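Residue numbers (this note's numbering): 777 to 1497. Here's the structure we're looking at; comments come further down.
What follows is the structure, encoded as structure tokens:
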């Protein structure tokens, strides 16, 4: 407090002194700036007047000349002579931009622009400005002596400043007159010489080099800084030559102000050092205490509240919710975040997490809380907000914000976010139960395609319990084999011959009956059961392939299987145990297997293909980068997705895409298969398009293994008929 009592008055006195010195300096230097600006304006006006006069004087040197009258009066014109004396020479020597010769009827007979002789039609671009001057000059010629006199230094002429081709210019008209009078001329029929010099080109450079007026430019409307008007002979202002005036006083003021600031800074630094010595211990103690408290309740990476602080704030919000105040809880999980870590490294992942936390915070109210619970999982508490529509709008804004690219370590990364929503008191007021329900809603959002938000409802809880039951019963089925079976759907060649089958998993649940693969496979993938399920399916398919040596058997593989260590080795061991030829087996993969360009996946595919198995890329054309995979990975077959086949005859795009895929596949030496064939018209189109194989309900639905032989006979008979 004692130091403050000394420092504050001293600082106030120094500040007052600096203001007084600055004010005196400002008023003293302001006058010199005004004088300098006025002088520059006078110089610019002199330069402009000299330029206007110079154009006329330059013309006088060549137009008041017997040779000029003789050469312009010849037919045809001696254009080379005119170039050297009345046209191009004016550009190269005097710097005039355009020069023209007019006959007795003010028609152009010669034109020069920018140092080149051009067609006389170029005169049309300046006729509106030049012809009034030419008519004015004709009047002068009709009224007086044509030669210079003691009170007139030049022959008659007319000139003005005007806008020519959208640029400011001096336009001057002079007659071609005999200097000696020995060349006869008819009064009123003298040829006229028109010259144009623009004021936004070499004139501005002359202002800088001769008069020290830098960075001058032309403007229609006067702006800040110094300027002189450009007026026509009638006094009309067509624009301004503008520049930033030289301000010597300002330069002095700036340097003096810097010196004053340095002096104040030195004195202030000394005072600050004295004060800091006394406060250092107390500040360090307070900072240490604050940091410890912050670290206990905040995430070290993002600085956001952590789980402990979030739980505390959630408990308080739920206590208010029990008294009638609503609250909403959001759980958020980033989609495709692992891909960012694997591609760009964990430092990039950390940078993305920090940026996502900042974007999320910017969307919330001051009373809301956003916390990082760990990894790429966040939570948001919205106290007092229980309106579903308002929550939906906030979730939409969050999704929009996360879709913008993230700049991480010089790269752009793209992620999505899945959001689970639960509201209190509708879903309860117990923190643990509410977090569980929000997690269920988040799980539902991920299960429905990710990158969306879902509100909790009681059916989700039932769905979670059902999934748990299915997981438990699937484990039991894998242990006993009960209820599991493979059905087979035929693949036919272009001539309708059955050439292979695709093995499709079927499971009859002891309580719920037949369950669709779309319900079973995701549960198996999430729980890790897909690995033993896939090995069971491979053994069954190999056993079936041994029964049908003339057919190939296609087996679908899950991306989770491929990313399991040692998968390729276990698959080859199963095939060797079955005794089936590897060439008889075909492994179908989707581009989701390839999308991460994982080294483990690449090595596994290469090992399986080297052993003789064929690799087919399923659902081709539905991904965003399928073509790139054909270059990176060696595959033997592409299967055109059923969506393109089903739209044949309805959209032109589907037919064009199929033709393109077939052409591409054949060019790369690949077999092309079309899925989802259901009508004869589709079969005929695909055969004509060049598809090697087809598959669909037109030929058969999937059938048990015991029915394959009969199905093959049936398809053979249909082909023969």
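Even glycine gets a Cβ: it sits at the ideal position worked out from N, Cα and C. Everything numeric in this text was worked out from a predicted model, so none of it was measured.
request  = Pick helix, strand or coil for residue 816, following the three-state DSSP scheme.
outcome  = As a first step, residue 816 must be located in the chain shown, where it is residue number 40. DSSP, reduced to helix, strand and coil, places residue 816 within a helical segment of the structure shown.
task = Buried or exposed for residue 889, please, with buried defined as at least 16 other CB atoms from any protein chain shown within 10 angstroms of its CB.
result = Translated into the one-based positions of the chain shown, residue 889 becomes position 113. The residue in question, residue 889, is buried, as its Cβ has 16 or more Cβ neighbours within 10 Å.
query = Excluding the five sequence neighbours on either side, which residues of its own chain have a C-beta within less than 6 Å of the C-beta of residue 1005, listed in chain order?
reply = Numbered from 1 along the chain shown, position 229 holds the residue referred to as residue 1005. Cβ neighbours of residue 1005 beyond the five flanking positions: 1013, 1016.
request  = Count the other CB atoms, across all protein chains shown, that sit within 10 Å of the CB of residue 822; report buried if there are 16 or more and exposed otherwise.
outcome  = Along the chain shown, one-based indexing puts residue 822 at 46. So residue 822 ends up on the exposed side.
Neighbourhood of residue 1085 by C-beta distance below 6 Å, restricted to the same chain and skipping five residues each side = Taking the first residue of the chain shown as 1, we reach residue 1085 at position 309. Correct list, in chain order: 1073.
message = Tell me the DSSP secondary structure of residue 1079 in three-state form.
response = Here residue 1079 refers to the residue found at position 303 when the chain shown is read from its first residue. If DSSP states are grouped into helix, strand and coil, residue 1079 belongs with coil.
request  = Using three-state DSSP, classify residue 1137 as helix, strand or coil.
outcome  = Taking the chain shown and counting its residues from 1, the one referred to as residue 1137 is at position 361. In the structure shown, residue 1137 sits in a helix (DSSP, three-state: H, G or I).
key: Length of the line joining the Cα atoms of residue 1312 and residue 1279   = Locating residue 1312 in the chain shown gives position 536, counting from the first residue. Locating residue 1279 in the chain shown gives position 503, counting from the first residue. Between residue 1312 and residue 1279, the C-alpha separation is close to 12 Å.
task = Between the Cα of residue 1483 and those of 1320, 1410, 1071, spot the shortest distance and give me the residue it belongs to.
result = Working through the chain shown from its first residue, we reach residue 1483 at position 707. Checking every option, the nearest Cα to that of residue 1483 belongs to 1320.
ask   = Exposed or buried, what is residue 963 when buried is set at 16 or more other beta-carbons lying within 10 Å of its beta-carbon?
value = If you number the chain shown from 1, residue 963 lands on position 187. Looking at its Cβ environment, which holds fewer than 16 other Cβ atoms inside 10 Å, residue 963 is exposed.
query = Can you tell me where the alpha helix (DSSP H) with residue 1301 in it begins and where it stops?
reply = Position 525 of the chain shown, counting from 1, holds the residue named residue 1301. That run of the alpha helix (DSSP H) goes 1293–1303.
query = Cβ of residue 936 within 7 Å of Cβ of residue 839?
reply = Locating residue 936 in the chain shown gives position 160, where the first residue counts as 1. Locating residue 839 in the chain shown gives position 63, where the first residue counts as 1. No, Cβ-Cβ distance for residue 936 and residue 839 is not below 7 Å.
task = Kindly indicate which three-state DSSP category residue 1234 falls into: helix, strand or coil?
result = Here residue 1234 refers to the residue found at position 458 of the chain shown. Under the three-state reduction of DSSP, residue 1234 is assigned to helix.
inquiry  = My output table needs one value for residue 890: the three-state DSSP class, helix, strand or coil.
reply    = What you label residue 890 is simply residue 114 of the chain shown in a count that begins at 1. Three-state result, residue 890: coil.
request  = Provide the residue span of the beta strand (DSSP E) that contains residue 1148, from first to last.
outcome  = For this step, residue 1148 is matched to residue 372 along the chain shown. Residue 1148 -> beta strand (DSSP E) spans 1145–1150.
inquiry  = Among 1432, 1420, 1410, 1478, whose alpha-carbon lies nearest the alpha-carbon of residue 1445?
reply    = Here residue 1445 corresponds to residue number 669 of the chain shown, with the count starting at 1. Cα-wise, what sits closest to residue 1445 is 1410.
ask   = What is the rounded straight-line gap between the Cα of residue 1467 and the Cα of residue 1282?
value = Taking the first residue of the chain shown as 1, we reach residue 1467 at position 691. Taking the first residue of the chain shown as 1, we reach residue 1282 at position 506. Each residue's alpha carbon lies about 29 Å from the other.
ask   = Counting along the chain, where does the beta strand (DSSP E) carrying residue 971 start and finish?
value = Looking up residue 971 in the chain shown gives position 195. Per DSSP, residue 971 belongs to the beta strand (DSSP E) from 968–974.
task = Kindly indicate the opening and closing residues of the alpha helix (DSSP H) around residue 1434.
result = Looking up residue 1434 in the chain shown gives position 658. Looking at the DSSP string, the run of the alpha helix (DSSP H) that includes residue 1434 is 1428–1443.
request  = Report yes if the CB atom of residue 1380 is closer than 7 Å to the CB atom of residue 1343, and no otherwise.
outcome  = Against the chain shown, residue 1380 aligns to sequence position 604. Against the chain shown, residue 1343 aligns to sequence position 567. It is a contact, given that the beta carbons lie within the stated cut-off.
Contacts around residue 1474, its chain only, beta-carbon distance under 8 Å, and the 5 residues preceding and following it disregarded = In the chain shown, the residue the question calls residue 1474 occupies position 698. Only 1453, 1454, 1455, 1456, 1458, 1459 meet the Cβ criterion.
inquiry  = Taking 8 Å as the limit between beta carbons, can you name the residues of its chain near residue 1354, skipping five residues before and five after?
reply    = Translated into the one-based positions of the chain shown, residue 1354 becomes position 578. The answer, listed in chain order, is 1315, 1318, 1319, 1321, 1322.
ask   = So what does DSSP say about residue 1489, is it helix, strand or coil?
value = What you label residue 1489 is simply residue 713 of the chain shown in a count that begins at 1. If DSSP states are grouped into helix, strand and coil, residue 1489 belongs with the helices.
message = My output table needs one value for residue 1390: the three-state DSSP class, helix, strand or coil.
response = Along the chain shown, read from residue 1 onward, the residue named residue 1390 stands at position 614. In the structure shown, residue 1390 sits in a strand (DSSP, three-state: E or B).
task = Alpha carbon to alpha carbon, how far is residue 1214 from residue 1450? Give it in angstroms, no decimals.
result = The residue given as residue 1450 occupies position 674 in the chain shown. The residue given as residue 1214 occupies position 438 in the chain shown. Answer to the nearest angstrom: the Cα atoms are 42 Å apart.
ask   = Terminal residues of the continuous alpha helix (DSSP H) containing residue 771?
value = The first residue shown for the chain is 777 and the last is 1497, placing residue 771 beyond what the model contains.
message = Am I right that residue 1364 and residue 1382 are in contact with their C-beta atoms under 8 Å? What's the rounded C-beta distance?
response = As a first step, residue 1364 must be located in the chain shown, where it is residue number 588. As a first step, residue 1382 must be located in the chain shown, where it is residue number 606. Residue 1364 to residue 1382, Cβ: 17 Å. No contact.
query = Which stretch, first to last residue, makes up the beta strand (DSSP E) that contains residue 1184?
reply = The residue labelled residue 1184 in the question sits at position 408 within the chain shown. Per DSSP, residue 1184 belongs to the beta strand (DSSP E) from 1182–1184.
message = Along the chain, where does the beta strand (DSSP E) containing residue 940 start, and where does it finish?
response = Here residue 940 corresponds to residue number 164 of the chain shown, with the count starting at 1. Unbroken beta strand (DSSP E) run through residue 940: 934–940.
inquiry  = Relative to the C-alpha of residue 1096, which candidate in 1159, 1121, 1247, 795 has its C-alpha closest?
reply    = Along the chain shown, read from residue 1 onward, the residue named residue 1096 stands at position 320. The residue with the shortest Cα to Cα distance from residue 1096 is 1159.
ask   = So is residue 1253 buried or exposed if we call it buried at 16+ other beta carbons inside 10 Å?
value = Residue mapping note: residue 1253 aligns to position 477 of the chain shown, counting from 1. By the neighbour-count rule (16 or more Cβ atoms within 10 Å), residue 1253 is buried.
inquiry  = On a Cα-Cα basis, can you pick out the residue from 1190, 1162, 1077, 1335 that is closest to residue 1175?
reply    = As a working note, residue 1175 is residue 399 in the chain shown. Closest option to residue 1175, Cα to Cα, is 1190.
inquiry  = So, does the region 933–952 touch the region 967–985, judging by three or more C-beta pairs under 8 Å?
reply    = yes
task = In angstroms with no decimal places, state the Cα-to-Cα distance between residue 1264 and residue 1443.
result = Position 488 of the chain shown, counted from the first residue, corresponds to residue 1264. Position 667 of the chain shown, counted from the first residue, corresponds to residue 1443. When rounded, the distance between both Cα atoms is 30 Å.
key: Per-residue burial, residue 874 [other beta carbons within 10 Å of its own, 16 or more giving buried]   = Indexing the chain shown from 1 puts residue 874 at position 98. It counts as buried.
inquiry  = I need the straight-line Cα distance from residue 1490 to residue 1261, nearest angstrom please.
reply    = Within the chain shown, numbered from 1, the residue matching residue 1490 stands at position 714. Within the chain shown, numbered from 1, the residue matching residue 1261 stands at position 485. When rounded, the distance between both Cα atoms is 23 Å.
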